[in-house]
Amino acid sequence: MKALRNYLNRVKPNFEPGGKLHAFRSVFDGFETFLFTPNTTSTSGVNIHDSLDSKRVMIIVVMALMPCLFFGMYNTGYQNWLGAGAQSFPFWEIMLYGFLAILPRIAVTYIVGLGIEFIVAQWRREEIQEGFLVTGILIPLICPIETPLWMLAVATAFSVIFVKEVFGGTGYNVFNVALVTRAFLFFAYPAQMSGDNVFVSTRPILGLGYNVNYADGISGATPLGQIATSGAGEQPLNIIGDPISTWDAFLGLIPGSFGETSTLCILIGAIILLWTGIASWRIILSVVAGGLFMGWVANTFQTPTYPASFLSPLDQLLYGGFAFAAVFMATDPVTAARTGVGKYVYGFLVGVVAILIRVYNNGYPEGAMLAVLLMNALAPLIDYCVVQANINRRMRRTKTSA
Amino acid sequence: MRKTINLRKGLNLNLRGGVESEDVTMVTPSLVAVIPDDFPGFSPKLDVAEGDIVEAGTPLMHDKNCESVKLVSPVAGKVSAVVRGARRKIERVVIAPEGNGSLVHDAAKATSAETVKTLLMESGLWAMMRRRPYAIIPQAADKPRDIFVTAMDTAPLAWDPETLAAGKTAEIAAGVKALKLLTSGNIYIGIKNGSQMPDIAGAEMVEFNTLHPAGNAGIQAANIRPVNKGEVIWTLDIITLARIGALMLTGKADFETTVAVTGSEVKTPRLIKTVDGADMAQLTEGNIVNDGRNHRIISGNVLTGIPVGNDGFLRFPYRQITVIPEGDDADEFMGWASLSPSKMSTNRSFLGHFLNRAFSPDARLQGGRRGMIMSGEYDKVFPMDILPEYLIKAIMSRDIDQMEALGIYEVAPEDFALCEYVDPSKLELQRIVREGLDYLRSEI
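In order, the protein sequences belong to chains W and Y. Here the first sequence stands for residues 1 to 402, where the numbers follow this note's numbering. Here the second sequence stands for residues 1001 to 1444, where the numbers follow this note's numbering.
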């Protein structure tokens, strides 16, 4: 470590103003503070600080996403094997296939997103902010595996610049950056981003995996996609036409966006986030409550006009991106409600709206993304009401004492 | 039956280097300084010159806004230096102690509100109280709604002021009697749960649990009866109250103080009896660990205290010295990923959180400054009916209406110390609040 420190100290002058590499100051600074905790000491106020910093916060979220990432790798390979009619499912080959499928996507989002972060940090003469560490992994996890790389790059660049940086960077954005990336893809390239053929990887990669041919009675439609187009109360089927059990949906061995199929892995992530106190339990709890409530309402008034109303409230939680949105999207502290009471209201409405869109809007088989984005927009309003209540309480106090 | 208030929000930091023995060592300072910056709201105008001989209690400076408000010399001696900073701002007046003369006021005449007020101003004790709004010294025209006295100190490693005031019941009673003339409301004395302090006639005793910041006078006020717009309250601590009482009884203001020398870099944490403004060199002499690390010598506690260095002075209102490692010489590899049990944090991702041990943190920020990302972190350690994040944002945007509406009149910078400690974005909250209060005062 000493040698590394000495090396950094030696090359540092090159990156300072006047040095020949000063155009990369922010990059150097980013790596230096990543490797060594800065020695900056407090100059005003408290003399000691808690050891928690935004780097650790972000890394904890990334760690919480790891189970979903690994499961996504397995599931990507598994769906390919299954769709091709394979009889055996060799674990490591499937994992390797999934890894090779996701690697370029993660690489593209990180290169595009971090590249923009580095440039902006350099331009603003600020430190690099860590927010994109999380966003960069979230984006591949919530997109279908077949999303073309160039679209991913365009969408990432769009949302990092126009959703985050123009507002001032991490901590000032109104909308969840990862979700806007997905929404951008969804609305700009609907043909490539929805339908039955984007959720399963259908080609071999580096000699691994198989060609999946949709002509053979094989369908890569997600459960929610099938339900939206099927009749009342029909059981969703998996890629080769077998019925999907609740257990399958919980484990996540179903077609869907890369990292959001497994409710089990999302639960593991949720435990990590709640244990470390990084995510708000108020939000997660109330999103689930809202989803169950609206699922129950829809189920009680089930009608063939809206086939998704035949899903039980529990199935509503297990299918699609609901659980992932509850744990990783709705809890983004920057775009969620910030007040204690506000978090309950915000979370509950996310849950309600997600199921509302899912059931009563035939255009979109899944509503979690739009629900969170809608509530991102409304979160300041919810907080405004809570803040106003505090202000009114103070005013009343002044009046009674006067 | 005493009223009891249990605050659930807050945080007690478990630090190494607390005082264990009640023995008190006498230390005579070699220099004593009076620093006007320690008395916010006081604009100093010099009353003495270098070389003047002064007694304990002789005015050194008066307030430009109100001539009767004085800062006085805590010791008898000679004015050895008047140190000025940029734009000739008076930074400190330094006295070399000599002899033991003491100015005696005619306290017997102080029987009405006006005369008590004048006596307090002239004696230098007036400036030792604080008023809200603005967390500054009381203004001459103030008619405080209530006066809040705190007889507890919950700050990290602080010594219990109640033990220091134990033998001073008569003085405290006299102090309450005098202050009673200045307010039409109550005098509340905040004491810790199970306190041995006897009831004082004329004051209402309120018990608090000892979860920091429950000992802050402002936190106690907010939970007993918060300040509303247009109202004024005064706050002070039990030692200052005893000083006021002593002044009323004897005519002499007492500037002796007992200081707790604490912190992980102190050899033997101990109590020292000295005077206000004593020089740090004498107080810490031979008592700092010689481990080759850089030290931060703080006058006060780790949360609100001022790093003054070894050539600094004991600052008002602190009765504590804390010495911790500075930490600028540390090279910590990937500290953000650390699983080391010696990292101190309220977050459960750190191993140290689960160990019942005392920590010796250094002064590093432990991260970079960021925008406000996490929400609800401040609320956990802020026991007032105020939304701290929103108040801070209102202050940063200099939105006066919003600041008022969100309760800026109720707060002092010290109330935000714990918020600043836990903040993962490492914002300088106490500085922000102080600037906000000053801005508001200059605009209204």
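Quick reminder that beta carbons are idealized off the backbone N, C-alpha and C, glycines included.
Item to complete: Using only alpha-carbon positions, find the residue among Val-1069(Y), Thr-1004(Y), Pro-1133(Y), Leu-1013(Y) that is nearest to Ala-1417(Y).
Response: Cα-wise, what sits closest to Ala-1417(Y) is Leu-1013(Y).
Discussion item. When you compare the CB positions of Gly-347(W) and Gly-277(W), do they come within less than 8 Å of one another, or not?
Written reply: No, the Cβ-Cβ distance between Gly-347(W) and Gly-277(W) is not below 8 Å.
Worksheet item: Can you round the beta-carbon distance between Ala-1158(Y) and Asn-1301(Y) to whole angstroms, since I take them to be within the 8 Å contact cut?
Response: Right, the Cβ-Cβ distance comes to about 6 Å (below 8 Å), so this counts as a contact.
Item to complete: Write down every uninterrupted run of the alpha helix (DSSP H) in the segment 209-274 of chain W whose length is 4 residues or greater and which is fully enclosed by it, in chain order.
Response: Counting whole runs of 4 or more residues, the segment 209-274 of chain W contains the alpha helix (DSSP H) stretches 223-229, 246-251.
Worksheet entry | Any chain Y beta carbon closer than 8 Å to Pro-255(W) | No, because no Cβ of chain Y sits closer than 8 Å to the Cβ of Pro-255(W).
Discussion item. Within 8 Å, do at least three Cβ pairs link the segment 1177-1197 of chain Y to the segment 1354-1364 of chain Y?
Written reply: The answer is no - the segment 1177-1197 of chain Y does not touch the segment 1354-1364 of chain Y, with fewer than three Cβ pairs under 8 Å.
Worksheet item: With a CB to CB cut of under 8 Å and the five nearest residues on each side skipped, what residues in its chain are close to Ile-1023(Y)?
Response: A small fix is needed here, since residue 1023(Y) is Asp in this sequence, not Ile. Excluding sequence neighbours, Asp-1023(Y) sits near Arg-1270, Leu-1271.
Worksheet item: Mind listing which residues of the segment 72-104 of chain W have their C-beta closer than 7 Å to chain Y's C-betas, in chain order?
Response: Cβ contacts with chain Y: none found.
Discussion item. By DSSP's criteria, Ala-404(W) is part of a beta bridge. Which residues make up the other side?
Written reply: Residue 404(W) lies beyond the range of chain W shown here (1 to 402); nothing can be said about it.
Worksheet item: Touch check for the segment 145-157 of chain W and the segment 97-106 of chain W: three-plus C-beta pairs under 8 Å?
Response: Between the segment 145-157 of chain W and the segment 97-106 of chain W, the count of C-beta pairs closer than 8 Å reaches three or more; the two stretches touch.
Item to complete: For Arg-1348(Y), decide whether its Cβ has a neighbour in chain W, counting only Cβ atoms nearer than 8 Å.
Response: A Cβ of chain W is located within less than 8 Å of the beta carbon of Arg-1348(Y).
Worksheet item: What are the start and end residues of the alpha helix (DSSP H) that includes Pro-1388(Y)?
Response: Looking at the DSSP string, the run of the alpha helix (DSSP H) that includes Pro-1388(Y) is 1388-1396.
Discussion item. Can you give me the C-alpha to C-alpha distance between Asn-1006(Y) and Asn-1347(Y), rounded to a whole angstrom?
Written reply: Each residue's Cα considered, the two are about 24 Å apart.
Worksheet entry | Cβ contact check for the segment 383-392 of chain W and the segment 244-259 of chain W: 3 or more pairs under 8 Å | The segment 383-392 of chain W is not in contact with the segment 244-259 of chain W.
Worksheet item: Ala-298(W) by DSSP, collapsed to three states: which one?
Response: Residue state, collapsed to three classes: helix.
Worksheet item: Among Val-297(W), Glu-117(W), Ile-119(W), Ala-183(W), which residue has its Cα nearest to the Cα of Ile-139(W)?
Response: Closest option to Ile-139(W), Cα to Cα, is Ala-183(W).
Item to complete: Pull up the distance between the alpha-carbon of Ala-1253(Y) and that of Ala-1140(Y), whole angstroms please.
Response: The alpha-carbon separation between Ala-1253(Y) and Ala-1140(Y) amounts to approximately 20 Å.
Item to complete: Check the DSSP bridge columns for Lys-1070(Y) and list the partner residues they point to.
Response: Beta-bridge pairing links Lys-1070(Y) to His-1062(Y).
Fill in: Any chain W beta carbon closer than 8 Å to Ile-1373(Y)
Cβ-Cβ to chain W under 8 Å: yes for Ile-1373(Y).
Discussion item. Would Pro-380(W) pass as an interface residue toward chain Y - the criterion being a Cβ-Cβ separation below 8 Å?
Written reply: Taking Cβ atoms only, chain Y never reaches closer than 8 Å to Pro-380(W), which makes this a no.
Worksheet item: On the premise that Val-166(W) lies in contact with Val-177(W), defined as a C-beta separation below 8 Å, what is that separation, rounded to the nearest angstrom?
Response: The C-beta distance from Val-177(W) to Val-166(W) rounds to 12 Å, too long to meet the 8 Å contact threshold.
Practice prompt. Taking C-beta pairs closer than 8 Å, name the residues in chain Y that Gln-129(W) reaches, listed in chain order.
Written response: Within chain Y, the residues whose beta carbon sits less than 8 Å from that of Gln-129(W) are Arg-1370, Gly-1371, listed in sequence order.
Discussion item. Can you check which of these residues, Gly-195(W), Asn-197(W), Asp-196(W), Gly-113(W), is closest to Ser-159(W) by C-alpha distance?
Written reply: Comparing Cα positions, the closest option is Gly-113(W).
Discussion item. Please tell me whether Trp-1234(Y) has its Cβ less than 8 Å away from any Cβ of chain W.
Written reply: Taking 8 Å as the threshold, the shortest C-beta distance from Trp-1234(Y) to chain W does not fall below it.
Worksheet item: So, helix, strand or coil for Ala-354(W), using DSSP?
Response: Three-state result, Ala-354(W): helix.
Discussion item. Between which two residues does the alpha helix (DSSP H) holding Trp-1234(Y) run?
Written reply: Unbroken run through Trp-1234(Y) is the beta strand (DSSP E), 1233-1237; no alpha helix (DSSP H).
Worksheet item: Among all the DSSP beta bridges, which residues are the ones paired with Gly-1190(Y)?
Response: Per DSSP, Thr-1150(Y), Val-1206(Y).
Worksheet entry | Between the CA atoms of Ala-1108(Y) and Gly-1352(Y) - distance to the nearest angstrom | Cα to Cα, Gly-1352(Y) sits roughly 58 Å from Ala-1108(Y).
Practice prompt. Name, please, each residue of chain Y whose Cβ falls closer than 8 Å to the Cβ of Ile-59(W).
Written response: By Cβ distance, chain Y contributes Trp-1336, Ala-1337.
Fill in: Given Phe-24(W) as reference, the closest of Leu-349(W), Thr-335(W), Arg-124(W), Glu-260(W) once Cα atoms are compared
Of the candidates Leu-349(W), Thr-335(W), Arg-124(W), Glu-260(W), the one whose C-alpha sits nearest the C-alpha of Phe-24(W) is Arg-124(W).
Worksheet item: Straight-line CA distance for Leu-349(W) to Arg-338(W)?
Response: C-alpha separation (whole angstroms): 15 Å.
Discussion item. Applying the 10 Å Cβ sphere with the 16-neighbour rule, what's the burial state of Arg-1496(Y)?
Written reply: The question about residue 1496(Y) has no answer, for chain Y in this structure spans 1001 to 1444.
Worksheet item: Where do the ends of the alpha helix (DSSP H) carrying Val-108(W) lie?
Response: Element bounds for Val-108(W): 91-124.
Fill in: Continuous alpha helix (DSSP H) stretch holding Val-1433(Y): start and end
DSSP places Val-1433(Y) inside the alpha helix (DSSP H), whose first and last residues are 1429-1443.
Practice prompt. On the DSSP bridge assignment, give the partners of Ala-1127(Y) in chain order.
Written response: Bridge pairing for Ala-1127(Y): absent [DSSP].
Practice prompt. Mind listing, in chain order, the continuous beta strand (DSSP E) runs of no fewer than 3 residues lying wholly within the segment 1242-1326 of chain Y?
Written response: The segment 1242-1326 of chain Y contains these whole beta strand (DSSP E) runs: 1256-1262, 1270-1275, 1295-1299, 1320-1325.
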